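See structure below.
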Amino acid sequence: MSVDPSSSSALDAPELAAPPQRRRKVSYEVFDNENADGGPTPAPDQQHHQDHPRKRQRLAMKEQRRLQQLQEDGVEEEEEVAPTWDHNADGYDDLELDGDSARTTNRSSVETEARGQQLLPVAELGPDFDGNPISGAEYLAVVRREARAAARFTRAPNPYDRSNGDPNHLGSTSHSPIFDQNTPDISSSSVNRYAKDLAKRMNANVPDEHYREYALARFRAMRALYEMPVPDWVSDPFITSPLPEEGDRTGWFRFIHNQDPPPGFFIRSSRSRSNPAAQAQELYSFDIAEFASKGRAPTPNICRRLTQPQIRYLITLIAECISRFTFVAQDHTVNAITATRDVITRLHAVWLWSLLLFLDSHLVSDHLNELRSTARILLEAINLDRLSIKRDLHELERLRERKAKQEGARLQRNEEPEGESEGQDGDDLQWDDDYHQELYELCTDRGKHTAREQGAWRLFIFMAMGWGQLDLLEEAENLVTPLPA
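Be aware that the sequence shown starts at 1, since it is given in the UniProt record's numbering, and climbs by one per residue.
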């Protein structure tokens with residue numbers, strides 16, 4: 001019987017239903033979203049076995065049936081082996097069992113998830129094992145054996161620990177209350193090598209490699225910081241002040257120091273160029289500390305206004321100022337004693353530091369020669385400062401010896417100390433226990449020398465290592481005068 005599709009009875013007929021879908025069989029041994037109790041399924045362990053209440057019930061019933069079958073067959077049940085804990089050196093505790101079934105039966109799912117199970121085979125090394133593994137199983141066995149033989153706790157000795165009272169023994173740990181007997185003691189050769197290295201760094205004429213690398217890293221980080229763009233709203237009070245011309249030394253000197261240069265500061269005759277003593281006579285004496293205290297500190301906006309030719313010109317100008325100030329500082333009638341001041345003034349150090357931050361990283365040979373000349377001027381300032389310290393130290397020792405002789409002569413004649421006011425050689429300068437003793441300690445303190453030379457050395461390191469002029473470091477080691485002992 002055919003049915004016309006256009007008839008109304010065909011349109012009113014219900015659509016043919018699809019075959020009924022079977023409900024998906026859920027196995028509790030596979031990951032499911034809900035269990036029979038209506039709660040969330042616990043997280044599976046590393047072996048992908050679902051820890052489920054219904055599964056535990058089914059396994060318990062299976063074990064009960066197995067025991068009943070054993071009783072019916074008359075077979076005695078094997079005794080379970082008690083687990084023994086093995087504390088491995090890797091920080092995990094594994095159960096050592098005779099069989100894999102006992103290993104998994106006596107371990108709960110929580111323990112299995114926390115510790116994991118052994119997946120790779122581990123060989124049993126016999127007494128004839130020569131120590132060279134030929135398979136992966138033997139290699140794992142060797143690794144476990146070495147881990148068990150290693151120390152449980154290790155502690156590195158402190159090379160700066162001197163609490164035992166012996167300053168010559170570095171790294172001693174025998175006095176420590178937490179000393180571990182299993183920890184191997186530090187060898188005497190390493191201690192001696194460290195002591196020699198430390199003494200070499202302390203007695204070196206130039207900063208050691210660690211100090212140079214640290215200073216250079218900070219310098220490069222600061223250069224990278226100033227390469228970032230500056231917001232437009234950042235203003236500077238000197239942004240509207242006009243800058244001098246590039247060749248105007250007097251104008252730039254006035255811009256940096258906020259005052260005119262001293263008389264004869266930029267005058268160079270043919271006689272003074274080859275004779276530093278004549279150059280010092282032409283230059284009038286002035287107090288460099290008071291002169292530098294009135295200077296203008298550099299700001300980032302001022303340095304950003306400078307072009308690269310202006311930056312290079314200012315570096316050479318400040319180097320010339322450092323050279324002139326160093327010569328003037330030797331006149332102790334106007335300036336302070338060498339041991340009480342820095343090698344270079346703070347004003348010149350800050351300006352030179354700021355200009356180096358904005359100096360181009362790639363320089364041609366002529367510009368590198370100017371930078372090398374500035375670095376050598378810093379070396380000359382350091383060298384002259386050390387020579388001045390030695391001269392002052394020699395003078396102080398002479399005064400102290402003369403006072404000791406005078407005191408001995410007074411004791412022999414039983415005279416009062418106020419009886420003489422002049423020395424044996426007619427010099428009016430006498431030893432003062434307060435002033436001269438303090439000055440003598442400043443001249444002999446290596447820490448004070450390092451602090452006074454720190455600014456000059458850092459600028460020298462920036463120029464030598466920042467622009468790849470490493471031969472200047474060797475030149476400094478050969479030319480700089482050693483510090484007074």
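No residue lacks a Cβ here, since even glycine has one placed at the ideal position from N, Cα and C. Since the structure is predicted, the reported quantities are computational estimates derived from the model, not experimental observations.
Quick check: the Cα distance between residue i and residue j, rounded to an integer number of angstroms?
| i | j | result |
| --- | --- | --- |
| Asp366 | Met465 | 18 Å |
| Ser108 | Val142 | In this predicted model, Ser108 has a pLDDT of only 47, less than 50, meaning its place in the structure is not dependable; the value taken from the coordinates is given anyway. Distance between the alpha carbons of Ser108 and Val142: 29 Å. |
| Leu396 | Lys405 | 14 Å |
| Arg376 | Thr326 | 13 Å |
| Asp342 | His394 | 20 Å |
| Thr105 | Leu119 | Low confidence applies to Thr105: its pLDDT is 47, below 50, so where it sits in the model is not reliable, and the reading given next is rough at best. If I take the Cα positions, the gap works out to 16 Å. |
| Ala319 | Glu453 | 16 Å |
| Thr374 | Tyr313 | 11 Å |
| Leu472 | Ala137 | 59 Å |
| Met228 | Leu368 | 25 Å |
| Ala329 | Gln412 | 42 Å |
| Lys62 | Gly74 | 18 Å |
| Arg54 | Gln64 | 15 Å |
| Asp385 | Leu470 | 23 Å |
| Thr112 | Ala149 | In this prediction, Thr112 has a pLDDT of 48, which is less than 50 and means its spatial position is unreliable; what the coordinates show is noted afterwards. Distance between the alpha carbons of Thr112 and Ala149 is about 26 Å. |
| Ala217 | Ser293 | 30 Å |
| Ser269 | Tyr214 | Bear in mind that the predicted position of Ser269 carries a pLDDT of just 45, short of 50, making it unreliable; the figure below should be weighed with that in mind. Their Cα atoms are separated by approximately 43 Å. |
| Pro263 | His348 | 20 Å |
| Leu70 | Arg145 | 40 Å |
| Tyr440 | Ile344 | 21 Å |
| Glu209 | Lys390 | 26 Å |
| Asn205 | Val364 | 31 Å |
| Pro261 | Arg458 | 27 Å |
| Asp130 | Ala151 | 23 Å |
| Glu407 | Glu401 | 10 Å |
| Gly126 | Phe153 | 29 Å |
| Arg410 | Asp445 | 32 Å |
Looking at C-alpha atoms only, which residue of the options is the closest neighbour of residue i?
| i | options | result |
| --- | --- | --- |
| Arg249 | Ile315, Ala217, Val328 and Glu209 | Ile315 |
| Val350 | His257, Glu477 and His332 | His257 |
| Arg346 | Ala289, Ile311 and His362 | Ala289 |
| Leu387 | Pro207, Gly295, Pro482 and Leu317 | Pro482 |
| Cys321 | Cys443, His362, Phe253 and Phe460 | Phe253 |
| Gly251 | Arg324, Val328 and Leu317 | Leu317 |
| Ala476 | Leu140, Pro207, Arg148 and Glu146 | Pro207 |
| Asp331 | Glu124, His449, Pro133 and Ser285 | Ser285 |
| Leu399 | Asn369, Leu411 and Gln437 | Gln437 |
| Thr340 | Phe129, Ser323, His362 and Gly447 | Gly447 |
| Pro244 | Ile311, Asn205, Phe266 and Ala292 | Ile311 |
| Gly247 | Gln259, Phe266, Pro262 and Ser241 | Phe266 |
| Gln259 | Gly295, Gln57 and Arg410 | Gly295 |
| Ala224 | Asp360, Leu67 and Gly131 | Asp360 |
| Leu140 | Gly126, Pro121 and Arg58 | Pro121 |
| Glu370 | Pro309, His348, Asn335 and Ile389 | Pro309 |
| Asp392 | Leu67, Gln68, Asp287 and Cys443 | Cys443 |
| Asn335 | His362, Phe129, Arg372 and Asp287 | Asp287 |
| residue 541 | Asn478, Trp467 and Thr450 | Since the first residue shown for the chain is 1 and the last is 485, residue 541 is missing from the structure and cannot be characterised. |
| Trp467 | His362, Lys403, Arg324 and Asn478 | His362 |
| Arg304 | Tyr226, Ser241 and Ala60 | Tyr226 |
Less than 8 Å between the beta carbons of residue i and residue j, yes or no?
| i | j | result |
| --- | --- | --- |
| Leu306 | Phe255 | no |
| Ala456 | Ile337 | no |
| Ser460 | Phe219 | The residue you asked about is not Ser; residue 460 is Phe in the sequence shown. Their beta carbons are not under 8 Å apart, which means Phe460 does not touch Phe219 by this criterion. |
| Ser135 | Ala147 | no |
| Leu379 | Val480 | yes |
Assuming residue i is part of the alpha helix (DSSP H), what are its boundary residues?
| i | result |
| --- | --- |
| Trp467 | It is not in any alpha helix (DSSP H) - Trp467 carries neither H nor E in the DSSP assignment. |
| Ser388 | Ser365 to Arg413 |
| Ala292 | Ile288 to Ser293 |
| Gly251 | Arg249 to His257 |
| Arg152 | Counting along the chain, Arg152 falls outside any alpha helix (DSSP H), and DSSP gives it neither H nor E. |
| Met222 | Glu209 to Tyr226 |
| Gln128 | Checking the sequence shown, residue 128 turns out to be Asp, not Gln. Where Asp128 is concerned, there is no enclosing alpha helix (DSSP H), given that its DSSP letter is neither H nor E. |
| Ile311 | Gln308 to Val328 |
| Val350 | Arg346 to Phe358 |
| Ala336 | Premise fails: Ala336 is in no alpha helix (DSSP H) and is neither H nor E. |
| Ala297 | Run containing Ala297: none; DSSP gives neither H nor E here. |
| Pro53 | Pro53 to Asp73 |
Just checking, does the region 352-368 make contact with the region 296-315 on the three C-beta pairs under 8 Å criterion? yes
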